[in-house]
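Participant: Each residue of the sequence shown is one higher than the last, beginning at 812 in this note's numbering.
Structure provided below as structure tokens; questions to follow.
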Amino acid sequence: MMEPDLQTIRNIGIMAHIDAGKTTLTERVLFYTGTSHRMGEVHDGTATMDWMVQEQERGITITSAATTCFWLDHQVNIIDTPGHVDFTIEVERSLRVLDGVIAIFTAVEGVEAQSETVWKQAERYGVPRLAFVNKMDRIGADLGLVLQAIREKLHPRAILFQLPIGAEAEFRGVVDLISRTAMVWDDVSRLGTTFDVIPIPKELEDQVDEAREALIDALAVEDEEVITQFLETGDVEESVLHSAARRAVLRGDLIPVFCGSAFKNKGVQPLLDAVVRYLPAPDDLPAVEGCEPDNEHASQSRKAVVNEPCCALAFKLMTDPYMGRLTFLRIYSGEFNSGDSLFNPRTGKRERVGRLFRMHANKREEVKVGRVGDILAAVGFRHTATGDTLCDPKHPIVLEAMTFPEPVISIAIEPSTRTDADKLTQAFAKLSMEDPTFRVHVDSETGQTIISGMGELHLDIIRDRLLREFRVSCRVGRPQVAYRETVTKKARGEAIFERQSGGRGQFGHVIMELEPNERGAGFGFESQVEPGAIPKEFIKAIEKGVEDGFARGVLAFYPLVDVKVVVVGGSYHEVDSSETTFKIAAGMAFQDAAEKAGPVLLEPNMIVEIVTPDDYTGPVIGDLNSKRGVILRMEGCPGGQIIVANVPLSCMFGYATDLRSLSQGRATFSMQFDRYEIVPTVVSQEIVNRVTGG
């Protein structure tokens, strides 16, 4: 078995706030590596990676797209991720399987709201990062301010590896601090394919010396070899600095910062060099950890080598109009061929690998073998869901599951005709399979079909896809907020379920206590029943009855969250008690306790970031205050202010129109889910009356 050279593979992602230039950068990378022969533009709807009609029309990335290119004899697998918070699941599942990331920041806005979100996602998965400060050609570009913001908000050891030559309209190129090489891109007709190496401009010599010294100091702290050579010779060889930087990046101790302008085709090639030099190969990372299928305490691991049992993670599903269901896989160990069978521990079933493809956005290149380090798409898997492990049937393993955020917004939807009804059900099944943050359920009270997602844009895209892809015409209601309920104090509940019908009776008696759990901790269940009071086999039924109670709250029938339940007592009958009677009694006791425990409504609150000219700061703040918003901070930026506020989602519907009106179309905003907060009493009563008809 031939061992692949994993050191020549890089699996990287590109992440950033919306409109930072992720897709534009990816288009340049594909062009300069020879993967594509034209340079697509987002604003023209011609970007290779934005292949969906909805992406081309809106000029935004909606779904993560994978591609492969080659640079300096290295295979670089790239996933371009969305920047809009409504599609954060695409970033989440991409980061789960990537080895390294390029984080993009604009040279004017710097660290924005979604920049922080995706950075934290990368932190959670321990993914090494490079930073690229884009749009150095824009008015107000300031690399120093962006570097300071990265250090203050994201990582204290962000270090410049380049200095810009010029700024704003005068931006021409960059100086590489390690090699002391100045590179300029002047010839527009060459589309940035080549650059000229020139002497470092005299006005930059002192800055370059100072910045290089800071770089060496930073690496000396991280690497003994650097300080040893510096003390011996007064300088450090380029190769030693590169090696030290790579080790520091792999440990997550250092963030190299590069700069350029992707749209103006400047600075992309040195960034590609940095990807190859500093970001990890698959075998640079620790063995992937998992457990045995039937025993989560029995740990298993797989090293990134071809002679280990094969192990892969299904991180994304997609419906292709020609191929059917495509399952995207990251292969962590071993290899398998088309036609082989892989085992899915979650379902306990084998899945046959039909065909394997290396993806280029929505185009496919068939391959016969999937090997460790590859990111491929497979056809033929029928029972695999996002986050499932696929492995060697003789050596099963379950990798760490993926977590998905809960939807925060819902709308009612119904088909326009009877013919559309059947098609709608099939379309929902496919969309739910692709997107774990998209949920569908039927309201038991009204019989309406409710779809839920991460925001207005998310649901708007779903509706658009229903019409265009699935040819389903529907009517939709107004957006509804996904409220939750919780309790504010400790309370005890007791219930006896007893029925006599002539023959064998029914009996269940449960006493339980409810108390608030930590915010975000979810549902907690514990049994403190004295031995003999309730048989152990009925405790599971009590837990199930409590779970059913959580699904339907006591104020306005919204799900209860962040509540701990402790079963403290009860009694049973030798003949009349059963799992069913204790499940019913538990539900009744839970309802009794919840009504006494000070139930309150919770609503999703959003972090809203607004960039507005100075002239409109007052009206914008006044409008946010009227929406129950809390101003968190304000920062100056070229030509205006950045306002960051916490605002209830229920007050943000249609805000794009409101903001355009307030600022004559000159202000922009973005928002992302923050946390659930208690709804004020007056507002809460209005919601309860509306839902219950009170």
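Glycine residues also receive a C-beta, built at the ideal position from the N, C-alpha and C atoms.
Mind checking who residue 1297 pairs with in its DSSP beta bridge?
Facilitator: Taking the sequence shown and counting its residues from 1, one reaches residue 1297 at position 486. DSSP, once it has assigned bridges, lists 1411 as partnering residue 1297.
Participant: Inspect the beta-carbon positions of residue 1142 and residue 1183 and report whether they are closer than 7 Å.
Facilitator: For the purposes of this step, residue 1142 is taken as the residue at position 331 of the sequence shown. For the purposes of this step, residue 1183 is taken as the residue at position 372 of the sequence shown. Taking 7 Å as the Cβ cut-off, residue 1142 and residue 1183 qualify as a contacting pair.
Participant: Which partner residues of residue 1332 appear in the DSSP bridge assignment?
Facilitator: Locating residue 1332 in the sequence shown gives position 521, counting from the first residue. For residue 1332, which the question treats as bridged, DSSP gives no partner whatsoever.
Participant: Taking all protein chains shown into account, do 16 or more other C-beta atoms lie within 10 angstroms of the C-beta of residue 812, making it buried, or fewer, making it exposed?
Facilitator: Position 1 of the sequence shown, counting from 1, holds the residue named residue 812. Below a pLDDT of 50, predicted positions are generally treated as unreliable, and residue 812, at 43, falls in that range; the measurement from the model is reported next regardless. Exposed is the call here.
Participant: Could you check how far apart the C-beta atoms of residue 1120 and residue 1206 are, in whole angstroms? I think they sit under 8 Å.
Facilitator: Locating residue 1120 in the sequence shown gives position 309, where the first residue counts as 1. Locating residue 1206 in the sequence shown gives position 395, where the first residue counts as 1. Confirmed, about 4 Å.
Participant: What does the alpha-carbon distance come out to for the pair residue 1061 and residue 845?
Facilitator: Counting from 1 along the sequence shown, the entry for residue 1061 is found at position 250. Counting from 1 along the sequence shown, the entry for residue 845 is found at position 34. So the alpha carbons of these two residues sit roughly 28 Å apart.
Participant: With H, G and I counted as helix, E and B as strand and the rest as coil, what does DSSP make of residue 1383?
Facilitator: Against the sequence shown, residue 1383 aligns to sequence position 572. In this structure, residue 1383 counts as coil in the three-state DSSP scheme.
Participant: Counting only runs of 3+ residues fully inside the segment 1415–1472, write out the beta strand (DSSP E) ranges in chain order.
Facilitator: Those beta strand (DSSP E) runs which fall completely within the segment 1415–1472 and span 3+ residues are 1441–1448, 1451–1459.
Participant: Alpha carbons only, please: which of 1322, 1474, 1461 is nearest the one belonging to residue 1403?
Facilitator: If you number the sequence shown from 1, residue 1403 lands on position 592. If we check each option's Cα against that of residue 1403, 1322 comes out closest.
Participant: What three-state label does DSSP hand residue 1179 in the structure shown?
Facilitator: Taking the first residue of the sequence shown as position 1, residue 1179 is located at position 368. The answer is coil: DSSP assigns residue 1179 none of H, G, I, E or B.
Participant: If you reduce the DSSP assignment to three classes, tell me which class residue 1495 lands in.
Facilitator: Looking up residue 1495 in the sequence shown gives position 684. Here residue 1495 sits in helix by DSSP.
Participant: Using a 10 Å radius around the Cβ and a threshold of 16 neighbouring Cβ atoms, would you call residue 833 buried or exposed?
Facilitator: Within the sequence shown, residue 833 is the residue found at index 22, counting from 1. Answer is buried; the Cβ neighbour count reaches 16.
Participant: Tell me the DSSP secondary structure of residue 1347 in three-state form.
Facilitator: Looking up residue 1347 in the sequence shown gives position 536. Residue 1347 falls in the helix class under three-state DSSP.
Participant: Any contact of the segment 1035–1051 with the segment 1069–1076, i.e. 3+ C-beta pairs under 8 Å?
Facilitator: Taking 8 Å as the limit for Cβ pairs, the verdict is that the segment 1069–1076 does not touch the segment 1035–1051.
Participant: Can the beta-carbon of residue 1352 be found less than 7 Å from the beta-carbon of residue 1381?
Facilitator: In the sequence shown, counting from the first residue as 1, residue 1352 sits at position 541. In the sequence shown, counting from the first residue as 1, residue 1381 sits at position 570. No; because the gap between Cβ atoms is not below 7 Å, this pair is not in contact.
Participant: The alpha helix (DSSP H) with residue 1088 in it runs from where to where?
Facilitator: The residue given as residue 1088 occupies position 277 in the sequence shown. Residue 1088 -> alpha helix (DSSP H) spans 1079–1089.
Participant: Assess contact between the segment 1286–1300 and the segment 1396–1416, defined as three or more Cβ pairs (one per stretch) separated by less than 8 Å. Is contact present?
Facilitator: Segments in contact, yes.
Participant: Tell me the DSSP bridge mates of residue 1309?
Facilitator: To locate residue 1309, count along the sequence shown from 1; it is residue 498. Residue 1309 is bridged to 1318.
Participant: Could you check whether the segment 1220–1237 touches the segment 1137–1156, counting it as contact only if at least three pairs of C-beta atoms, one from each stretch, sit closer than 8 Å?
Facilitator: Counting Cβ pairs under 8 Å, fewer than three are found: no touch.
Participant: How close, in whole Å, do the beta carbons of residue 944 and residue 912 come, if the pair is a contact with beta carbons under 8 Å?
Facilitator: Residue numbering aside, residue 944 sits at position 133 when the sequence shown is read from its first letter. Residue numbering aside, residue 912 sits at position 101 when the sequence shown is read from its first letter. That belief does not hold up - the Cβ atoms of residue 944 and residue 912 are roughly 15 Å apart, past 8 Å.
Participant: Let me check understanding here. Comparing Cα to Cα, which of 1012, 1292, 1388, 1244 lies closest to residue 1265?
Facilitator: Here the question's residue 1265 lines up with position 454 in the sequence shown. Nearest C-alpha to residue 1265: 1292.
Participant: Starting from residue 1109, trace the beta strand (DSSP E) both ways and give me its first and last residue.
Facilitator: Against the sequence shown, residue 1109 aligns to sequence position 298. Where residue 1109 is concerned, the enclosing beta strand (DSSP E) stretches over 1106–1113.
Participant: Candidates 1330, 1331, 1326: which alpha carbon is nearest residue 1337's?
Facilitator: Here the question's residue 1337 lines up with position 526 in the sequence shown. Comparing Cα-Cα distances from residue 1337 to each of 1330, 1331, 1326, the minimum goes to 1326.
Participant: For a test of the three-state rule: what should DSSP assign to residue 925, helix, strand or coil?
Facilitator: Within the sequence shown, numbered from 1, the residue matching residue 925 stands at position 114. Helix at residue 925.
Participant: When you compare the CB positions of residue 903 and residue 932, do they come within less than 7 Å of one another, or not?
Facilitator: Working through the sequence shown from its first residue, we reach residue 903 at position 92. Working through the sequence shown from its first residue, we reach residue 932 at position 121. A contact, by the Cβ cut-off of 7 Å.
Participant: Note the first and the last residue of the continuous alpha helix (DSSP H) segment covering residue 1043.
Facilitator: What you label residue 1043 is simply residue 232 of the sequence shown in a count that begins at 1. Its alpha helix (DSSP H) spans residues 1035–1044.
Participant: When DSSP builds the beta bridges, which residues end up paired with residue 1285?
Facilitator: Here residue 1285 corresponds to residue number 474 of the sequence shown, with the count starting at 1. Partner(s): 1226.
Participant: Shortest alpha-carbon distance to residue 1347 belongs to which of 1378, 1360, 1359?
Facilitator: In the sequence shown, residue 1347 corresponds to position 536, counting from 1. Of the listed residues, the one whose Cα sits closest to residue 1347 is 1378.
Participant: Is residue 983 buried or exposed, if buried means 16 or more other CB atoms sit within 10 Å of its CB?
Facilitator: Taking the first residue of the sequence shown as 1, we reach residue 983 at position 172. It is buried - the Cβ of residue 983 has at least 16 other Cβ atoms within 10 Å.
Participant: Cα-Cα, which of 847, 843, 1103, 947 is closest to residue 1001?
Facilitator: Residue mapping note: residue 1001 aligns to position 190 of the sequence shown, counting from 1. Nearest option by C-alpha distance: 843.
Participant: Can you tell which of 1215, 1193, 1285 has the C-alpha that lies nearest to the C-alpha of residue 1241?
Facilitator: As a working mapping, residue 1241 is identified with position 430 in the sequence shown. Checked all of 1215, 1193, 1285; the closest Cα to residue 1241 is 1193.
Participant: Check whether the Cβ atoms of residue 838 and residue 850 lie closer than 7 Å to each other.
Facilitator: The sequence position of residue 838 within the sequence shown is 27, counting from 1. The sequence position of residue 850 within the sequence shown is 39, counting from 1. Contact: yes.
Participant: Checking 7 Å against the spacing of the C-beta atoms, do residue 969 and residue 940 come in under that value?
Facilitator: Walking along the sequence shown from the start, residue 969 turns up at place 158. Walking along the sequence shown from the start, residue 940 turns up at place 129. In this structure, residue 940 does not lie closer than 7 Å to residue 969 by Cβ.
Participant: Taking only runs that begin and end inside the segment 939–995, name each unbroken alpha helix (DSSP H) of 4 or more residues, in chain order.
Facilitator: 954–964, all fully within the segment 939–995.
Participant: In angstroms with no decimal places, state the Cα-to-Cα distance between residue 1288 and residue 1252.
Facilitator: To locate residue 1288, count along the sequence shown from 1; it is residue 477. To locate residue 1252, count along the sequence shown from 1; it is residue 441. Cα-Cα distance, rounded: 15 Å.
Participant: Report back the beta-carbon spacing between residue 1083 and residue 840 to the nearest angstrom; my notes put them in contact at under 8 Å.
Facilitator: Taking the first residue of the sequence shown as 1, we reach residue 1083 at position 272. Taking the first residue of the sequence shown as 1, we reach residue 840 at position 29. Right, their Cβ atoms sit about 6 Å apart.
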